[in-house]
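Data block below; observations after.
2 protein chains.
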Amino acid sequence: MPERPELTVQGWGPPTGRVATVAAREGTDDGVLELAPDVHLGRTLPAGARRHLSRELGWTPRSTPPVPLAEVQLPPSRLDPAARVHLVALLGAEHVADDRTTRLAHAGGRSYLDLVRRRAGDASDAPDAVVFPADTAQVAALLRSCSQLGVVVVPYGGGTSGVGGLPGTDVDDRAVVAVDLRRMADVHAVDVPSSLVTVGPGLRGPDLETALAAQGLTLGHTPRSWEFATLGGCAATRSAGQSATGPGRFTDLVAGLTLATPTGVLTLGTTPGTTAGPDLLGLALGSEGTLGVITELRLRVRPAPRRTVHEGWSFRTWAAGLAALQRLARHDLLPDVVRLGDPDDTRATLLQGRGPGARLLRARSRTRRQGGGCLLVVGWAGLPTIVQARRSAAASVLRDGGATRLGRRPGQAWLRSRTAAPYLRDRLMDAGLLVAELDTAATWTQLPAVYDAARRSLVGSLSTSGRRPLVLTSVSSAWATGAALALTVLADRDDDLPLQQWLTAKRAATDAVLAAGGTLTHHSGIGADHRPWLTGVAGAPGVDVLRAVKAQLDPARICNPGVLLPD
Amino acid sequence: MPERPELTVQGWGPPTGRVATVAAREGTDDGVLELAPDVHLGRTLPAGARRHLSRELGWTPRSTPPVPLAEVQLPPSRLDPAARVHLVALLGAEHVADDRTTRLAHAGGRSYLDLVRRRAGDASDAPDAVVFPADTAQVAALLRSCSQLGVVVVPYGGGTSGVGGLPGTDVDDRAVVAVDLRRMADVHAVDVPSSLVTVGPGLRGPDLETALAAQGLTLGHTPRSWEFATLGGCAATRSAGQSATGPGRFTDLVAGLTLATPTGVLTLGTTPGTTAGPDLLGLALGSEGTLGVITELRLRVRPAPRRTVHEGWSFRTWAAGLAALQRLARHDLLPDVVRLGDPDDTRATLLQGRGPGARLLRARSRTRRQGGGCLLVVGWAGLPTIVQARRSAAASVLRDGGATRLGRRPGQAWLRSRTAAPYLRDRLMDAGLLVAELDTAATWTQLPAVYDAARRSLVGSLSTSGRRPLVLTSVSSAWATGAALALTVLADRDDDLPLQQWLTAKRAATDAVLAAGGTLTHHSGIGADHRPWLTGVAGAPGVDVLRAVKAQLDPARICNPGVLLPD
Chain P
504 MPERPELTVQ GWGPPTGRVA TVAAREGTDD GVLELAPDVH LGRTLPAGAR RHLSRELGWT
564 PRSTPPVPLA EVQLPPSRLD PAARVHLVAL LGAEHVADDR TTRLAHAGGR SYLDLVRRRA
624 GDASDAPDAV VFPADTAQVA ALLRSCSQLG VVVVPYGGGT SGVGGLPGTD VDDRAVVAVD
684 LRRMADVHAV DVPSSLVTVG PGLRGPDLET ALAAQGLTLG HTPRSWEFAT LGGCAATRSA
744 GQSATGPGRF TDLVAGLTLA TPTGVLTLGT TPGTTAGPDL LGLALGSEGT LGVITELRLR
804 VRPAPRRTVH EGWSFRTWAA GLAALQRLAR HDLLPDVVRL GDPDDTRATL LQGRGPGARL
864 LRARSRTRRQ GGGCLLVVGW AGLPTIVQAR RSAAASVLRD GGATRLGRRP GQAWLRSRTA
924 APYLRDRLMD AGLLVAELDT AATWTQLPAV YDAARRSLVG SLSTSGRRPL VLTSVSSAWA
984 TGAALALTVL ADRDDDLPLQ QWLTAKRAAT DAVLAAGGTL THHSGIGADH RPWLTGVAGA
1044 PGVDVLRAVK AQLDPARICN PGVLLPD
Chain R
504 MPERPELTVQ GWGPPTGRVA TVAAREGTDD GVLELAPDVH LGRTLPAGAR RHLSRELGWT
564 PRSTPPVPLA EVQLPPSRLD PAARVHLVAL LGAEHVADDR TTRLAHAGGR SYLDLVRRRA
624 GDASDAPDAV VFPADTAQVA ALLRSCSQLG VVVVPYGGGT SGVGGLPGTD VDDRAVVAVD
684 LRRMADVHAV DVPSSLVTVG PGLRGPDLET ALAAQGLTLG HTPRSWEFAT LGGCAATRSA
744 GQSATGPGRF TDLVAGLTLA TPTGVLTLGT TPGTTAGPDL LGLALGSEGT LGVITELRLR
804 VRPAPRRTVH EGWSFRTWAA GLAALQRLAR HDLLPDVVRL GDPDDTRATL LQGRGPGARL
864 LRARSRTRRQ GGGCLLVVGW AGLPTIVQAR RSAAASVLRD GGATRLGRRP GQAWLRSRTA
924 APYLRDRLMD AGLLVAELDT AATWTQLPAV YDAARRSLVG SLSTSGRRPL VLTSVSSAWA
984 TGAALALTVL ADRDDDLPLQ QWLTAKRAAT DAVLAAGGTL THHSGIGADH RPWLTGVAGA
1044 PGVDVLRAVK AQLDPARICN PGVLLPD
């Protein structure tokens, strides 16, 4: 098994050097992550940012480290010996693991709720065993066997789910086996003229990019979890990614895939441009393991861009920023990367930055008295002449919309720190904070109301005497008909009832967002956490269709039954 | 009921003036259809083209007009009186029709096979009755009632299906009711900031464009059938359209829709940017009436382009043309319209054209000895600066690929004649010709082999002593991973066995295309004609998934059971 970076059991873990790879690939000047991998908040967060958080939140930093790993409670494996023998016969003894270390390493995902539980020493969501199949045939055989054995199967890619997508327990108390796809991580074929590559589902973005770079190609999908997320996982959860405004949205990059199910292997969407009936590929994308395991992917790649530009602009108000983005969107002038911070998000960005870019931006903001303004980061990639034409057309729309150009340093700073937030989350949790996220999308017409509804609900739920949360919101991607909002919530953690504190707030905010016309999620998926709302958004007949498809492919309900579909 | 142009019972019918509207909208110089609506081939086709066809095909023009309309045989309606009473109670007597004229007007689609049958006086594929519901609630009630009554329901939009998508007979000999959606043809809402419009399924493209033009907007979907095709029909069949290389592919234009089914009403995809589970919208697109009736559509529109350019280029060889298009595709430089004719197609285009553009092109071809060359028509639409940047980047790729620029006249000529072929087909059939079509798509790598396989098979099947077919092939749209091929087949018709003549050739060509890696269809859909191949391309497990979805939504199998899914 090739060595590869892994998340820590109780958090995101120290940076691995891969962050620098992203930055360097995107053409930044130094490629060094500004956020130091220190364990002490004092060295991780600038003093100004710490003071700002304390003042805003009514929070005093305190030491709340995770319990030592040796003290994490792991229930005994429910996998019965006869079933284990079956799995060993299928895959070989070295590819079936139920030791403590392996089970812990595959316990759940990396949502705030996941981390709260595991930092408190609770790994009851760990699978009963982990298997490492080698190919489609082994996965198909595994699914057939597990159907007969009554063993639940949960595909395991990078382990980065933020919505409880990797439950290790079953409502019917069956044994749960995680299917780790790391052995299926090869590049199988590259068709340069057709801009297509065929890969195993366990391959990670950085490894694919390394292989493609040798041929002058790139995939260009960069989710925040990109150091760890597998490409199969990106497909199963409809990953958006930070270049989703341009060509980087994962569902648009999947030309075809192989889905092994308990009742057969489906090969979907392999020939482009077909109109032969309904689109079954779209059923597999976003199926989150409930229909089977994605065992191969055919992805659209493109020539590595000859020119990449990222730059910053500032708006006086959020409304002005939204209006300008909407105008760009209508006229097909959106850059490939769009990230517009609201005033709270912008202030946090400026306080957090350490490099010369951040200092410059802070100085400019002070000079221009735009402290309450909104920072827009935009990025283009492609042929120089096309980038130039798109960029100057966009610039005139932005200027007409009242924006001021800040130059390239804010763009570089964003590139350097784009995968940093989960590392910072670990440190902030160490210091007693709730750090959680929410994401949605809406039409341009409904976006302002969705923004207001989400913020008002979160502030209301998480405010207590002397304490209030900070809600940092940004437009994370945009398209002609609407845009996505990413919300990061910071609050003094209730150490007695940390799970309930966030669950209550999240539930109310989700209800409020849906009532205002927002989507249930833009980039997180459904997992276990969003299940209760699925019927509301897909409608009962829609959920019945999904159930019918699942009944056809997975009659024994062994494929990740704890996610997506309501009980 | 608003007056609107209709197809003739036995063909496509005389032009209606709408063709000129397309041309004018696209910025052509005169907006006049060059192809005169004459009934005599002598006045429809230039003498040079007639001579060329006679020589190539071994065909002598002869008069084979359709039988008089009064002699067309229509079987008695199978709709029993009790069921008719039910339908009248639901919809009102004036919205249930089973008279000869209405039934004939709704008989089948407009494939070559359809026309051969009806020109010979056979309308056995006519529905037993036609109903005209007013809204989603009436359609839903109709589907519930027909489920109980055991009456088959076939949604009827524009009647332009080219693959037998509108069968009026049922394998179980149940009565068949066509659901004509012309009363559901309103624009319900326009959300300008979000670039979205909500419309009824019976609305036609020209009427939507007229409504949008008042607000400076356009949909930009232009299938060849655009005078007649309804937007609901475009969704149900995954219409491609002639601007499918750019933003005009219909599936990309549908943001959401309402699907009335016998077991409930589904509202799909209404909020953009969601990743909440698998994509159910993609199941409705291309479902061809087998899951229910699309009763409302939410479509993406855009500002009417400020600049539109169409121009012609010529290549010495087909291989050079494909190579240049592939290079444009790889580098994201494809124009919005791409149409590359092969040598046979190009010769036919040049011979057929009558205007000054065609004369110019012929003269240039002779001068440059490029008679065997390939004509490429490309078009761009958008903001002037962006069009300019994309166009000059594309021009340098085309020049590097050996192409010669022919100027704008070939582009204008293409625009003027883009909806003309079906009219010409009527006249050619009057004169004793087989005029049929085939379409496919493939990756760039497989495209040359697919082209060769299709041509070789068609020529082989349709050649007899002294006669051989002409196969006119063009790349009709392109994208990063591949391109679509549209093939028009002309041959001396076998008047004794005209159906078998084409069925035999089509069957062999389809087998050959699939074996070479092409899709079953790119823009026609499945209908009845492509059903036998669906299992081969979607796989048995894929077809089982479609069957499971249908069983869930349409347990009595009343929704267009004669199309899409194999028996």
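Chains as they are written, first to last, in the working numbering: chain P, 504 to 1070; chain R, 504 to 1070. Note that beta-carbon positions come from the ideal geometry of N, C-alpha and C, so glycine has one too.
Checklist line | Rounded straight-line distance, which links the Cα of L828 (chain R) to that of E529 (chain R) | finding: Reliability of the predicted coordinates at E529 (chain R) is poor, the pLDDT of 43 falling under 50, and no value is obtained from them.
Margin query: Please tell me whether Q1055 (chain R) has its Cβ less than 9 Å away from any Cβ of chain P.
Written below: yes
Notebook entry, point to check: So, does the CB of H691 (chain P) fall closer than 9 Å to a CB anywhere in chain R?
Noted result: no
Next item on the list: Return no unless some Cβ of chain A is closer than 9 Å to the Cβ of I889 (chain R).
Entry: You won't find chain A in this structure, because its protein chains are P and R.
Notebook entry, point to check: For the alpha helix (DSSP H) that contains G1028 (chain R), what are its first and last residues?
Noted result: Taken as a continuous stretch (DSSP letters only), G1028 (chain R) belongs to no alpha helix (DSSP H), as it is neither H nor E.
Next item on the list: Compare the C-alpha of G759 (chain R) against each of R:L993, R:E799, R:S899 and name the closest.
Entry: R:E799
Notebook entry, point to check: Residues of chain P with CB under 7 Å from A945 (chain R), in chain order?
Noted result: T774
Checklist line | G1030 (chain R) vs G668 (chain R) beta-carbon contact at 9 Å | finding: yes
Item checked: Inter-residue spacing [alpha-carbon to alpha-carbon] between L1023 (chain P) and G844 (chain R) -> 47 Å
Notebook entry, point to check: If the cut is a Cβ gap below 7 Å, which residues of chain P does T948 (chain R) touch?
Noted result: D694, P696, S697
Next item on the list: Please report how far the alpha carbon of A738 (chain R) lies from the alpha carbon of L788 (chain R), in whole angstroms.
Entry: 5 Å
Next item on the list: Rounded to whole angstroms, what's the CA-CA distance from R996 (chain R) to S697 (chain R)? Just pull it up for me.
Entry: 51 Å
Notebook entry, point to check: Where do the N-terminal and C-terminal ends of the alpha helix (DSSP H) with F753 (chain P) fall, by residue?
Noted result: 753-756
Checklist line | Three or more C-beta pairs below 8 Å linking the region 752-769 of chain P and the region 712-721 of chain P | finding: no
Item checked: Secondary structure of T531 (chain P), DSSP reduced to three states -> Residue placement at T531 (chain P) is poorly supported in this model, since its pLDDT is 37, which falls under 50; the coordinates are not used for a value here.
Notebook entry, point to check: Hey, out of R:A898, R:D848, R:V768, R:A732, whose CA is closest to H813 (chain R)'s CA?
Noted result: R:A898
Checklist line | Rounded C-alpha distance that separates L937 (chain P) from S557 (chain P) | finding: 13 Å
Note to self: Can you give me the C-alpha to C-alpha distance between P508 (chain P) and E730 (chain P), rounded to a whole angstrom?
What the structure shows: 8 Å
Note to self: Suppose you measure from the CA of S1027 (chain P) to the CA of A987 (chain P); what does that come to, to the nearest Å?
What the structure shows: 12 Å
Notebook entry, point to check: How many Å lie between L590 (chain P) and D631 (chain P) at the Cα?
Noted result: 13 Å
Notebook entry, point to check: From G735 (chain P) to R603 (chain P), what distance separates their C-alpha atoms?
Noted result: 26 Å
Notebook entry, point to check: Any idea what DSSP makes of S817 (chain P), helix, strand or coil?
Noted result: strand
Next item on the list: Sort R:L652, R:E597, R:F635, R:R686 by Cα distance to R677 (chain R) and report the nearest one.
Entry: R:L652
Notebook entry, point to check: Which of the residues in the region 808-830 of chain R, read from start to end, lie with their CB under 7 Å from any CB of chain P?
Noted result: Q829
Margin query: Can you check which of these residues, R:A832, R:L711, R:S728, is closest to A807 (chain R) by C-alpha distance?
Written below: R:L711
Checklist line | Whole-angstrom distance between D638 (chain P) and S649 (chain P), CA atom to CA atom | finding: As written in the sequence, residue 649 (chain P) is Cys, which differs from the Ser given in the question. Going from the Cα of C649 (chain P) to the Cα of D638 (chain P) covers about 16 Å.
Next item on the list: Compare the Cα-Cα distances from V512 (chain R) to each of R:G1042, R:A623, R:T701 and report the closest residue.
Entry: R:A623
Next item on the list: Put G824 (chain P) into one of helix, strand or coil per three-state DSSP.
Entry: helix
Notebook entry, point to check: Between which two residues does the beta strand (DSSP E) carrying E712 (chain P) extend?
Noted result: Taken as a continuous stretch (DSSP letters only), E712 (chain P) belongs to no beta strand (DSSP E), being part of the alpha helix (DSSP H) at 708-716.
Margin query: Let me make sure I understand the geometry here. Which of P:R970, P:V880, P:A832, P:P951 has the alpha-carbon closest to that of A981 (chain P)?
Written below: P:A832
Notebook entry, point to check: Within the chosen definition, does the region 775-785 of chain R reach the region 1002-1019 of chain R through at least 3 CB pairs nearer than 8 Å?
Noted result: no
Checklist line | CA-to-CA distance, G885 (chain R) to A916 (chain R), given in whole angstroms | finding: 21 Å
Notebook entry, point to check: To which residues does DSSP link Q576 (chain R) through a beta bridge?
Noted result: R:D625
Margin query: Residues of chain R with CB closer than 8 Å to the CB of T758 (chain P), please, in chain order.
Written below: Note on residue identity: the sequence assigns Ala, not Thr, to residue 758 (chain P). By Cβ distance, chain R contributes T984.
Next item on the list: Could you give the DSSP three-state label for Q873 (chain R): helix, strand or coil?
Entry: Model confidence at Q873 (chain R) stands at a pLDDT of 48, short of 50, so the residue's coordinates are unreliable and nothing is read from them.
Margin query: Please tell me whether T740 (chain P) and E791 (chain P) are closer than 9 Å, where the distance is taken between their beta carbons.
Written below: yes
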